[in-house]
Amino acid sequence: MRFGADAALDCVDFRLFPGEVHSLMGENGAGKSTLIKAVTGALPLTSGVLRLDGSVVHFGSPHEAQQAGVSSVYQEIDLLPNVSVAENIGLGRERRRFGVIDWTEMRRRARSVLRDLGLEIDPHSLLGHHSLAVQQLVAIARAISTDVRVLVLDEPTSSLDTDECAELFRVIRDLKQRGVAILFVSHFLDQVYEISDRITVLRDGKLVGEYLTPELLRIDLVQAMLGRSAASLRARQRLQLVERSPELPYLRAHEVTVGSGIDSASVDLIEGEVLGVAGLLGSGRTELARAITGLEKLDGGTVLIDGRSVRLDGPRSAITLGVVYSSENRRTEGIISELSVRENITLALQAERGFLRRLRPARQRELALSWVDALDIRPADVDRPAGTLSGGNQQKVLLARLLALSPRVLVLDEPTRGIDVGAKVQVQNLVSELAENGLSVMFISAELEEVLRVSNRIAILLGGRIIDTLPPEELTVDSLTALVARPDDLA
Amino acid sequence: MTTLTAAFRRQTVAARTRTFLSRHASLMPTFAALAIFIALLIGAQLYFGNFVTPRNMSALLLDNAFLLILAVGMTFVIVTGGIDLSVGSVLALTGILCAKLLSEGVSPYLVVPLTIGVGAAVGLTIGVLVQYFDVQPFIASLAGLFLARGLAFVVSLDSIRVEHSGVLWLQSQRFEFGDGWYITPTGILALLVTLLGAFVMVSTRFGRTVYAVGGSEQSARLMGLNVARTKVLVYVISGTCGGLAGLVLTAYSGAGYPRNGIGTELDVIAAVVIGGTLLTGGTGYVLGSMIGMFVYGTIKTVISFLGAEQSWTRIIIGLLLLLFIVVQRAIVFRSESRR
Chain V
1 MRFGADAALD CVDFRLFPGE VHSLMGENGA GKSTLIKAVT GALPLTSGVL
51 RLDGSVVHFG SPHEAQQAGV SSVYQEIDLL PNVSVAENIG LGRERRRFGV
101 IDWTEMRRRA RSVLRDLGLE IDPHSLLGHH SLAVQQLVAI ARAISTDVRV
151 LVLDEPTSSL DTDECAELFR VIRDLKQRGV AILFVSHFLD QVYEISDRIT
201 VLRDGKLVGE YLTPELLRID LVQAMLGRSA ASLRARQRLQ LVERSPELPY
251 LRAHEVTVGS GIDSASVDLI EGEVLGVAGL LGSGRTELAR AITGLEKLDG
301 GTVLIDGRSV RLDGPRSAIT LGVVYSSENR RTEGIISELS VRENITLALQ
351 AERGFLRRLR PARQRELALS WVDALDIRPA DVDRPAGTLS GGNQQKVLLA
401 RLLALSPRVL VLDEPTRGID VGAKVQVQNL VSELAENGLS VMFISAELEE
451 VLRVSNRIAI LLGGRIIDTL PPEELTVDSL TALVARPDDL A
Chain Y
1001 MTTLTAAFRR QTVAARTRTF LSRHASLMPT FAALAIFIAL LIGAQLYFGN
1051 FVTPRNMSAL LLDNAFLLIL AVGMTFVIVT GGIDLSVGSV LALTGILCAK
1101 LLSEGVSPYL VVPLTIGVGA AVGLTIGVLV QYFDVQPFIA SLAGLFLARG
1151 LAFVVSLDSI RVEHSGVLWL QSQRFEFGDG WYITPTGILA LLVTLLGAFV
1201 MVSTRFGRTV YAVGGSEQSA RLMGLNVART KVLVYVISGT CGGLAGLVLT
1251 AYSGAGYPRN GIGTELDVIA AVVIGGTLLT GGTGYVLGSM IGMFVYGTIK
1301 TVISFLGAEQ SWTRIIIGLL LLLFIVVQRA IVFRSESRR
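Protein sequences, first through last, are from chains V and Y. Note that the numbering used here has the first sequence beginning at 1, numbered continuously upward. Note that the numbering used here has the second sequence beginning at 1001, numbered continuously upward.
Set out below in structure tokens:
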């Protein structure tokens, strides 16, 4: 396959071989999505050609690509929660007799493809009843239920936990055996190394190179992606804890219980310190964050701020007390894509001030510009719709919005999810800097390495309980992994 | 031993209930509507003693035949996440047009297709506005509402009596069966439309695409379903049902009147929602809408049995609607929290 699409992608050559997993790597904005869209027919090529099995093909729509055997599974699950699993797999290519859908056949086929994936679910059941991970696997089931020759997986693992990932990889290997060409995109280097045979690196819409995985050292891969020395990435030192009356934390959650998610968890958030929260998907890490920021009602326990017990009956009261929260769902609970960067940044501040004390546009602009500058948001155009920014920059806009409120406690839920390595490091450094400036930060991430790097203390969550709080010096990625992955009955 | 089997049975019942719920959670509001319908009938029978009679039940279908036809079309539109406010006016326009043309001696073989065609044309206009000009369904169909109502007054300012025997036959012919049960051609027509609608929704690709569009338009498009055609077609179906209902109403009342059906669109929407269709789209059943229609019709009959003001119908329907919307929200919340 060889093509050059629009300006976002400039004369890039890309090859996919049957029976091989090919990873596409690059920072946000490197042109990965554009390349995927070009391959799957979602975007037309400006120049260049696409060849399938040696013959030139033109895909006018994703549907045409699917019919030619090119299926894709996207990061955001593109399925229908309101209809059954079987329909989600079979709709659009169901067998019909005189226009009547053959339901028996559709369910039979769904059941067989689900069995191939090792997924034991009722094809009759509504898709919306299943977890995100299962939905993701159903999306893959849909993609492979036809005669698939090329399977594009765009960040398929971002909502999966370790076991589910392993399950997915088993499926990928199986498909590989069957001679399917697989294009895999992930931000997790571990996963890329585990699954792929070949790696192509893109940077700024240009091809950097194509490598065989065993021949490419990690450090070289990162360097190829960033185009600068990766040494600078590792350089950040762990900051020293500034002693600051540790006996009185700014926010103390005492035996907080929320439904089935969190069971009498206690955490202290101390000013000038980053508290890392390590735990698997479903360990209650998000519930904990939402509980101490007033988004979930407490079923038990208390939250103390400055030693006084407070009632948090919504994010508004939390904000008044200086506790702000950034959601793990950046697109749905964070950035408002249609509004400009400026409006996104000043949104919360304006809400806090009330409509009577309106921020003048000039003042908004000034504020936004200063944050864009301080957090190095790119492109530095405050009038751009925020939705057009890359994931990493959207995250920074979100941070700017919260920081504009001059908070005392910053709760960040997966702030680096789905953003590239370079932006990740920037966000991590920013978090450390904020803590050095006296802010108290709660940092939640599924990437244990990252938690180890930024935190002063690490709370380990397991099945809704905090089983231990340890300083990072006493932990390694391996020992931390062992702690968070401990089976429940040993906890 | 017996306790063991009993426990075992209880467990399988629980498991079956769970399976059923995971498959058909969205049917719950429809079942609730059915329960209310049955409770209404039982309550009325106990109170009046002569409510559930073949005569009364037959009349329930016949008096509401035109509403039932409208509700079927409306279900298609609402399941895609749209709304069609024009149906009441379309009802009036096609009704008066039908009466006018018949009074001028045009053959009914020409009048009937023309009447239905006019309804479909209004629907098509709304559908095209919604799909290709990206107009909100509320606004597009509001335009349709004014347009059709205005045109109805252009056709005639006063009511026009229908004297054509063929059209009146639709209502006057009573096929009696059993012990006082009867049905007229208009009733048969309404039932046929309902069955056809239910069949199309459940068993054709178009029907499933209607659900897909209501679930997520973007996903439906990526699945290779024909979203554009479907979105236009649901309004055409609703308009066609409007035309058919106009015809049925004209036969039922023996006249066309340009002020017919003012506010009917809202009655129809209420019936559809009570029948278990979510206004946000994606979930709903044609047969549910029929039950919703019967609930509506029964309340109306009960009120007139009581000899009370018909405004009580509105009040009770309003309360029911409120209740159902709350129930639906509760169900949606529960299924979201389970994830």
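Note that the Cβ used here is the ideal one computed from N, Cα and C, for glycine as well. All figures in this text were calculated on a predicted structure; none of them were measured in a lab.
Is there a Cβ from chain Y that is less than 8 Å from the Cβ of Ser-158/V? no
Does the beta carbon of Ala-1245/Y sit closer than 8 Å to a beta carbon anywhere in chain V? no
Short Cβ contact (8 Å threshold) for Val-1130/Y with Gly-1081/Y: no
Hey, out of Arg-149/V, Thr-146/V, Val-382/V, Ile-172/V, whose CA is closest to Pro-156/V's CA? Ile-172/V
Residues of the segment 84-99 of chain V with Cβ closer than 9 Å to any Cβ of chain Y, in chain order: Ser-84, Glu-87, Asn-88, Leu-91, Gly-92, Arg-93, Glu-94, Arg-96, Gly-99
Might you give, ordered along the chain, the residues of its own chain that have their beta carbon closer than 8 Å to the beta carbon of Glu-328/V, omitting 5 neighbours on each side? Thr-286, Asp-413, Glu-414, Arg-417, Ile-444
I want to see whether chain Y comes within less than 8 Å of Leu-79/V, judged by CB atoms only; does it? yes
Since Lys-1100/Y is in the alpha helix (DSSP H), which residue starts that stretch and which ends it? 1087-1103
Flag Tyr-1132/Y as yes if its beta-carbon sits less than 8 Å from any beta-carbon of chain V, otherwise no. no
From the beta carbon of Gly-1214/Y, is the nearest beta carbon of chain V less than 8 Å away? yes
Alpha carbon to alpha carbon, how far is Gly-19/V from Lys-176/V? Give it in angstroms, no decimals. 4 Å
Could you tell me whether the segment 1159-1175 of chain Y touches the segment 1044-1052 of chain Y, using the rule of 3 or more Cβ pairs below 8 Å? no
Mind listing the chain Y neighbours of Leu-202/V? Cutoff is C-beta to C-beta under 7 Å, in chain order. Result: empty, since nearest Cβ-Cβ is about 24 Å, beyond 7 Å.
Under 7 Å from the C-beta of Gln-66/V: neighbouring residues of chain Y: Gly-1224
Chain-order list of residues whose beta-carbon lies under 7 Å from that of Gly-1187/Y (same chain, five-residue window excluded): Leu-1061, Leu-1062, Ala-1065
Pull up the distance between the alpha-carbon of Leu-280/V and that of Ser-23/V, whole angstroms please. 25 Å
Per-residue contacts from Tyr-1211/Y into chain V (C-beta, under 7 Å): Asn-82, Val-83
In angstroms with no decimal places, state the Cα-to-Cα distance between Ala-1071/Y and Val-83/V. 22 Å
Does Ala-230/V pass the burial test, meaning 16 or more other C-beta atoms within 10 Å, or should it be called exposed? Because the pLDDT at Ala-230/V is just 41, under 50, the model does not fix this residue reliably, and the point stays unresolved.
Going by the CB atoms, is the gap between Val-1295/Y and Ala-1033/Y shorter than 8 Å? yes
Are Arg-290/V and Asp-268/V close, meaning C-beta to C-beta below 8 Å? no
Nearest by alpha-carbon distance to Gly-276/V: which of Ile-458/V, Leu-35/V, Gly-92/V, Thr-481/V is it? Ile-458/V
List, in order along the chain, the chain V residues whose C-beta lies closer than 7 Å to that of Thr-1019/Y? Asp-122
Every unbroken beta strand (DSSP E) within the segment 259-347 of chain V, with a cutoff of 3 residues, ordered by chain: 262-269, 274-278, 300-305, 308-310, 323-326
Would you say Arg-1229/Y faces chain V, with C-beta separation under 8 Å as the test? no
With 8 Å set as the bound, which would you pick, yes or no: does the beta-carbon of Gln-1136/Y sit closer than that to a beta-carbon of chain V? no
To the nearest angstrom, how far is the alpha carbon of Gly-1073/Y from that of Gly-1242/Y? 8 Å
Do Gly-1239/Y and Val-1090/Y have their C-beta atoms within less than 8 Å of each other? yes
For Ala-513/V, which residues of its own chain have a beta-carbon under 6 Å away from its beta-carbon, when the five flanking residues on both sides are left out? A question about residue 513/V goes unanswered here, because the residues of chain V that appear run from 1 up to 491.
On the DSSP bridge assignment, give the partners of Trp-1181/Y in chain order. Phe-1177/Y
For Asp-383/V, which option in Pro-361/V, Thr-257/V, Lys-424/V has the closest C-alpha, if you only look at C-alpha atoms? Pro-361/V
Of all the CB atoms in chain V, is at least one closer than 8 Å to the CB of Thr-1204/Y? yes
Here's a check: name, in chain order, each residue in its chain whose Cβ is nearer than 7 Å to the Cβ of Val-454/V, leaving out the five neighbours to either side. Val-274, Gly-276, Gln-428, Val-431, Ser-432, Phe-443
Is the separation between the beta-carbon of Leu-1287/Y and that of Ala-1198/Y shorter than 8 Å? yes
Every unbroken beta strand (DSSP E) within the segment 390-478 of chain V, with a cutoff of 3 residues, ordered by chain: 409-413, 440-444, 457-462, 465-470
Spell out whether any CB of chain Y is found under 8 Å from the CB atom of Ile-199/V. no
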